[in-house]
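Participant:
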């Protein structure tokens, strides 16, 4: 009976995820019956599945909004304000991604595509909710495996297949690192429960084995963050897969990667609350260097790209570097919390990045999607609204006012600078320098849209859902500039600084 | 309920012109066209009415009881961002000083916009003009309503930007584009001082909020005792900002050139909006300036120098608008002369600020009047403004004539008109300051300079008047066969302003209405009953009349005299006509060295920096050439690098302890 009770209690913590997974099951089970043997379906099936996915997400949002933010642990799950924040972020991104996918999904595979997306979202949430290494790993795999399918379903040509296979192999390889690191961790402390690890680590003196274990975990997760030198797949894959998949890849792996790091790293240093956590000496300096390299490499290589999706892949790498700044400075004595800045930045970046991919999808013409930067030429005259929304999103990514991206970068900069250490100062300066480098290629895209003449006249394809997603993202980016405080408060609560 | 009304009034003052600016900018060209003045008119009318409500309704009613207006201010706003210790609120704040400024700014701007719709009729940039004017007024209102230095700085710059757009309104004329650039660049020099001052305030006070910095004597004296040089430095920096915006020596060079803009813009810049910002800043920061008597004396000295130099320059100008421009510079000098008088003793601080602000207030009306009248002359003369090419206009342009006469008389200090009372206030404060023990001699000298300048003022003002409106009737050929008097939409603002210029000084000056209202400003001490200085009044009456008399003698009775004097004192005449060669001096002292530096910088940039950058720029190319080999598209090599990366970080983690 107590076991049953505990199970019941644990299930109570994951209602939004149960809703998502249940929808996934329904979609996978029902979909084959709606498709004939030759892959023929009634047209417009994707609209029905899209509505279903959105409804499911809205139910999850409803359950999330109703869930308490107070800390409660049950079984393998922990529900606290950090998990609350990540969940909210995932669900918002999920709704935007569903809109992007809506236009691009094929009628015959729409159900599977949407189901994979929902499963990925649930996986991200599980990582944030886990109180156990096994849970974290399962969550990570719940993200990875549907991703392979989603990438494959998105586009049906050899480039997509090659990209998918690449992602599949390398992702498995990185998972192996994570698992190996976790094995070391388990070997050292003899438990997989995170709370228990924290208790052990608080009393036992730090051991070299711990560093090996953590470095392996960090190396494995860096693949998801697209941190240098684990970033190589990103340009090839972003270029190869459908833009809905690139949108997903640019955001959710980062969210899940940072969620896993923020769940695992602090407990290994014996700290219970994120508010007190800061990475210890050797690991910290390695993370600093990874962050610096990631920022520079991403931006420098992005400058020379002529393919928009490849450019955005490198920009996504650079953004991972910015975010790592927030992770590295931790929440130490400084006035501005690093973790809170990180969470704020991920949110802004996630929304804006998805919006940009959506708009790129919407800007393409029927037989010629946007690939090279030259394809964007003259967009301000042919599709003025899209060009404007895209400009807002690009401003958001480059961190220029009046967008939330500016506030996000400002927070990260203040966090790094106010840490007061030499590392912090270096990071702050590198961050600022990279923001300038990055502005060069973002502004070039805007310049192409506004000042260059369009070379081709194509019948534009109408993608209303992508429009809506892009519009929401652009509006959100502007709103976050005018009223950033609520998100900042939420991020601070999630970082354990503010009790909410 | 009461609070709601206060909020509404306070927000409406800047919001209405902002809305108008946006609407006109978006719809002006396509939809509104010839009706573009309507949003601007209605917005400024709303702002003006709200300012009056604020002035007479809200502020006196804050405490609800008693005779006094609240010493406190009202503040509304919201926090824009709060990260760490950095707080950036967006707030609107009003107290007596800002209420007076707002009423003056919105009132004069409203009349100018009425005039402007007649003046600018048929201009292709009609919507652009009203969008920029609305934006200008919005910026100025926000500047006056600021509750912290950061916000003040933002709108200070916005005012500068709008002035750039308006001075360069006819940007296809090279001279207008150059004048706009000059105004912008010269202002920039002052802004440098202002922003340094703000930084100093931030580091020493730990806040840039007016309430924190200005309203508590304890805070100021605490900072002052901790480091005695800081507050004078802050005041100096702030005054540098004021010097740029309010065109004080040696930064006054931009203002006469700003005449290149449309005449209503000149009226707006000179009377209501832009140049008053510097005076307002210094008056607003009185609590700081009190702690720095040396800087106050510097303020007075600069004011006096500016006043006399500008007045001497105005003597020989032949361009009607330029005469008025130099008179503006000179009158601003008067205001600063007054503001610095607090150095002679703390009991003089309040009268000094009152005198300066009072002159600002009255000056706005008669100077707007003079400029609009000059605009009316220009309109009638086919855009000719050189006084040598027309004369005797008093019969052809009767309304312009008598309104200009009222304005000129007010500026010259004819008894009972607006300028008389405020200039008399300034002279009285200087007179009292000259009796102080410490700096008596200094302020005595300044008083003499001020009297001399007042004489010159009366002279050059009426010189312009006589040259334009008296003598034989002559028109330039550009005017056509018969010059036309101002249309009603231009004439009515002139009439209204003339009535204001005539009566507003009498209404609020000797009755102490202005003084007792202004004293409620945060940071000023309670008013002291001080009677009228009959001796000063008599003196300034004599001076004013003498100046007018001389002008009559020189330019009406025996026109040979000025020519003879000019011949006799040729060098001095040339100095005055050449505007003291300040443009040339600044060119040699500032522009040439800067150009030299720019040349060196260009060379360094082109050869050294570019070389470096190009090699750095080549670095990504080389790097990417190398990295491209890694980015081979082969999964095995990707996996290999990942494996290598993991090994490296693990090894580093083990080596570093």
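Chains as they are written, first to last, in the numbering used here: chain A, 228 to 727; chain B, 400 to 1056.
Quick reminder that beta carbons are idealized off the backbone N, C-alpha and C, glycines included.
All figures in this text were calculated on a predicted structure; none of them were measured in a lab.
For the region 1042-1053 of chain B, which residues have a CB atom closer than 7 Å to at least one CB atom of chain A, in sequence order?
Facilitator: So the close ones are 1044, 1045, 1048, 1049, 1051, 1052 and 1053.
Participant: Let me make sure I understand the geometry here. Which of A:353, A:467 and A:317 has the alpha-carbon closest to that of residue 383 of chain A?
Facilitator: Stepping through the first chain from its first residue, residue 383 of chain A is reached at position 156. The shortest Cα separation from residue 383 of chain A among A:353, A:467 and A:317 belongs to A:467.
Participant: Roughly how far, in whole angstroms, is the beta-carbon of residue 696 of chain A from the beta-carbon of residue 620 of chain A, given that I think they are within contact range, below 8 Å?
Facilitator: The count along the first chain starts at 1 and reaches residue 696 of chain A at position 469. The count along the first chain starts at 1 and reaches residue 620 of chain A at position 393. Their Cβ separation, rounded to whole angstroms, is 11 Å, which puts residue 696 of chain A and residue 620 of chain A out of contact at 8 Å.
Participant: Give the list of continuous alpha helix (DSSP H) stretches no shorter than 4 residues that lie fully inside the region 597-644 of chain A.
Facilitator: Complete alpha helix (DSSP H) runs here, min 4: 606-609 and 611-625.
Participant: Quick check: the region 404-421 of chain B against the region 526-536 of chain A, are there 3 or more CB pairs under 8 Å?
Facilitator: The region 404-421 of chain B, when compared against the region 526-536 of chain A, does not touch it at the 8 Å Cβ threshold.
Participant: From the DSSP output, in three-state form, read off residue 1036 of chain B for me.
Facilitator: Your numbering for residue 1036 of chain B matches position 637 in the second chain. Note: residue 1036 of chain B maps to helix in three-state DSSP.
Participant: Check the Cβ-Cβ distances between residue 397 of chain A and every residue of chain B, and say whether any is below 8 Å.
Facilitator: Residue mapping note: residue 397 of chain A aligns to position 170 of the first chain, counting from 1. Residue 397 of chain A counts as touching chain B.
Participant: State the start and end residues of the unbroken alpha helix (DSSP H) segment that holds residue 745 of chain B.
Facilitator: Residue mapping note: residue 745 of chain B aligns to position 346 of the second chain, counting from 1. Run containing residue 745 of chain B: none; DSSP gives neither H nor E here.
Participant: For residue 384 of chain A, would you say it is in contact with chain B, using Cβ-to-Cβ distances shorter than 8 Å as the test?
Facilitator: Residue numbering aside, residue 384 of chain A sits at position 157 when the first chain is read from its first letter. Cβ-Cβ to chain B under 8 Å: no for residue 384 of chain A.
Participant: What residue range does the alpha helix (DSSP H) around residue 544 of chain A cover?
Facilitator: Stepping through the first chain from its first residue, residue 544 of chain A is reached at position 317. First-last of the alpha helix (DSSP H) with residue 544 of chain A: 535-555.
Participant: Give the secondary structure of residue 647 of chain A by DSSP, where H, G and I count as helix, E and B as strand, and everything else as coil.
Facilitator: For this step, residue 647 of chain A is matched to residue 420 along the first chain. DSSP places residue 647 of chain A in coil when its eight states are reduced to three.
Participant: How many Å lie between residue 381 of chain A and residue 441 of chain A at the Cα?
Facilitator: Numbered from its first residue, the first chain carries residue 381 of chain A at position 154. Numbered from its first residue, the first chain carries residue 441 of chain A at position 214. Spanning the two alpha carbons is a distance of roughly 35 Å.
Participant: For residue 645 of chain B and residue 425 of chain B, what's the separation of their Cα atoms in angstroms?
Facilitator: As a working note, residue 645 of chain B is residue 246 in the second chain. As a working note, residue 425 of chain B is residue 26 in the second chain. When rounded, the distance between both Cα atoms is 32 Å.
Participant: Output the boundary residues of the beta strand (DSSP E) element that contains residue 300 of chain A.
Facilitator: Looking up residue 300 of chain A in the first chain gives position 73. Segment 299-301, the beta strand (DSSP E) holding residue 300 of chain A.
Participant: Using only the alpha-carbon positions, how far apart do residue 574 of chain A and residue 473 of chain A sit?
Facilitator: Your numbering for residue 574 of chain A matches position 347 in the first chain. Your numbering for residue 473 of chain A matches position 246 in the first chain. Cα to Cα, the separation comes out at about 17 Å.
Participant: With 8 Å set as the bound, which would you pick, yes or no: does the beta-carbon of residue 401 of chain A sit closer than that to a beta-carbon of chain B?
Facilitator: Position 174 of the first chain, counted from the start, is the residue given in the question as residue 401 of chain A. Yes, contact with chain B.
Participant: Determine whether the Cβ of residue 905 of chain B lies closer than 8 Å to any Cβ atom of chain A.
Facilitator: Within the second chain, numbered from 1, the residue matching residue 905 of chain B stands at position 506. Not one chain A Cβ lies under 8 Å of residue 905 of chain B.
Participant: Confirm, please, whether the CB-CB distance from residue 541 of chain B to residue 1130 of chain B is below 8 Å.
Facilitator: Nothing can be reported for residue 1130 of chain B, as the shown portion of chain B is limited to 400 through 1056.
Participant: Could you list which residues in chain A have their beta carbon closer than 8 Å to that of residue 767 of chain B, in chain order?
Facilitator: Residue numbering aside, residue 767 of chain B sits at position 368 when the second chain is read from its first letter. Result: empty, since nearest Cβ-Cβ is about 35 Å, beyond 8 Å.
Participant: Since residue 446 of chain A meets chain B, which of its residues come closer than 8 Å, beta carbon to beta carbon?
Facilitator: Walking along the first chain from the start, residue 446 of chain A turns up at place 219. The answer, in chain order, is 1041, 1044, 1045, 1048 and 1049.
Participant: Give the interface partners of residue 1038 of chain B over in chain A, defined as CB-CB distance under 8 Å, in chain order.
Facilitator: Walking along the second chain from the start, residue 1038 of chain B turns up at place 639. Simply 396, 397 and 400.
Participant: Could you check the C-alpha separation between residue 535 of chain A and residue 520 of chain A for me, to the nearest Å?
Facilitator: Your numbering for residue 535 of chain A matches position 308 in the first chain. Your numbering for residue 520 of chain A matches position 293 in the first chain. So the alpha carbons of these two residues sit roughly 22 Å apart.
Participant: Keeping to the same chain, check which residues put their C-beta closer than 7 Å to that of residue 225 of chain A; ignore five residues upstream and five downstream.
Facilitator: It is not possible to answer for residue 225 of chain A, since the shown part of chain A is limited to 228 through 727.
Participant: Could you have a look at residue 728 of chain A and say whether DSSP puts it in helix, strand or coil?
Facilitator: Past the edges of chain A, shown from 228 to 727, lies residue 728 of chain A, and the structure says nothing about it.
Participant: Given a cut-off of 8 Å on the beta-carbon distance, is the pair residue 501 of chain B and residue 685 of chain B in contact?
Facilitator: Walking along the second chain from the start, residue 501 of chain B turns up at place 102. Walking along the second chain from the start, residue 685 of chain B turns up at place 286. Not closer than 8 Å, so no.
Participant: Which residue wins for smallest C-alpha separation from residue 545 of chain A, given the options A:613, A:499, A:675 and A:461?
Facilitator: What you label residue 545 of chain A is simply residue 318 of the first chain in a count that begins at 1. Comparing Cα positions, the closest option is A:461.
Participant: Does DSSP put residue 405 of chain B in a helix, a strand or coil?
Facilitator: By 1-based counting over the second chain, the position of residue 405 of chain B is 6. Reduced to three states, the DSSP call for residue 405 of chain B is helix.
Participant: Starting from residue 306 of chain A and walking both ways along the alpha helix (DSSP H), at which residues does that stretch end?
Facilitator: The sequence position of residue 306 of chain A within the first chain is 79, counting from 1. It is not in any alpha helix (DSSP H) - residue 306 of chain A instead sits in the beta strand (DSSP E) that spans 304-306.
Participant: Just the C-alpha distance for residue 558 of chain B and residue 538 of chain B, rounded to the nearest angstrom, thanks.
Facilitator: What you label residue 558 of chain B is simply residue 159 of the second chain in a count that begins at 1. What you label residue 538 of chain B is simply residue 139 of the second chain in a count that begins at 1. Approximately 6 Å, taken between the alpha carbons.
Participant: In its own chain, which residues sit with a C-beta less than 6 Å from the C-beta of residue 870 of chain B, not counting the 5 before and 5 after it?
Facilitator: Residue 870 of chain B sits at position 471 when you count from the first residue of the second chain. So the list reads 790 and 791, once near-sequence residues are dropped.
Participant: Indicate whether residue 514 of chain A and residue 554 of chain A have their beta-carbon atoms separated by less than 8 Å.
Facilitator: Taking the first residue of the first chain as position 1, residue 514 of chain A is located at position 287. Taking the first residue of the first chain as position 1, residue 554 of chain A is located at position 327. Result yes, Cβ atoms of residue 514 of chain A and residue 554 of chain A sit closer than 8 Å.
Participant: Would you mind stating whether residue 897 of chain B and residue 768 of chain B have Cβ atoms separated by less than 8 Å?
Facilitator: Start at 1 with the first residue of the second chain, and residue 897 of chain B comes out as number 498. Start at 1 with the first residue of the second chain, and residue 768 of chain B comes out as number 369. For residue 897 of chain B and residue 768 of chain B, yes; Cβs fall inside 8 Å.
Participant: Considering just the uninterrupted stretch of the alpha helix (DSSP H) at residue 1089 of chain B, what are its terminal residues?
Facilitator: One cannot answer for residue 1089 of chain B here, as it falls past the ends of chain B, which runs 400 to 1056.
Participant: Quick check on the DSSP output: the alpha helix (DSSP H) that includes residue 239 of chain A runs from which residue to which?
Facilitator: Position 12 of the first chain, counted from the start, is the residue given in the question as residue 239 of chain A. Here the alpha helix (DSSP H) through residue 239 of chain A covers 229-240.
Participant: In terms of DSSP beta bridges, what is residue 768 of chain B paired with?
Facilitator: As a working mapping, residue 768 of chain B is identified with position 369 in the second chain. Per DSSP, none; premise fails for residue 768 of chain B.
Participant: For residue 493 of chain B, which of helix, strand or coil comes out of DSSP?
Facilitator: Within the second chain, numbered from 1, the residue matching residue 493 of chain B stands at position 94. In this structure, residue 493 of chain B counts as strand in the three-state DSSP scheme.
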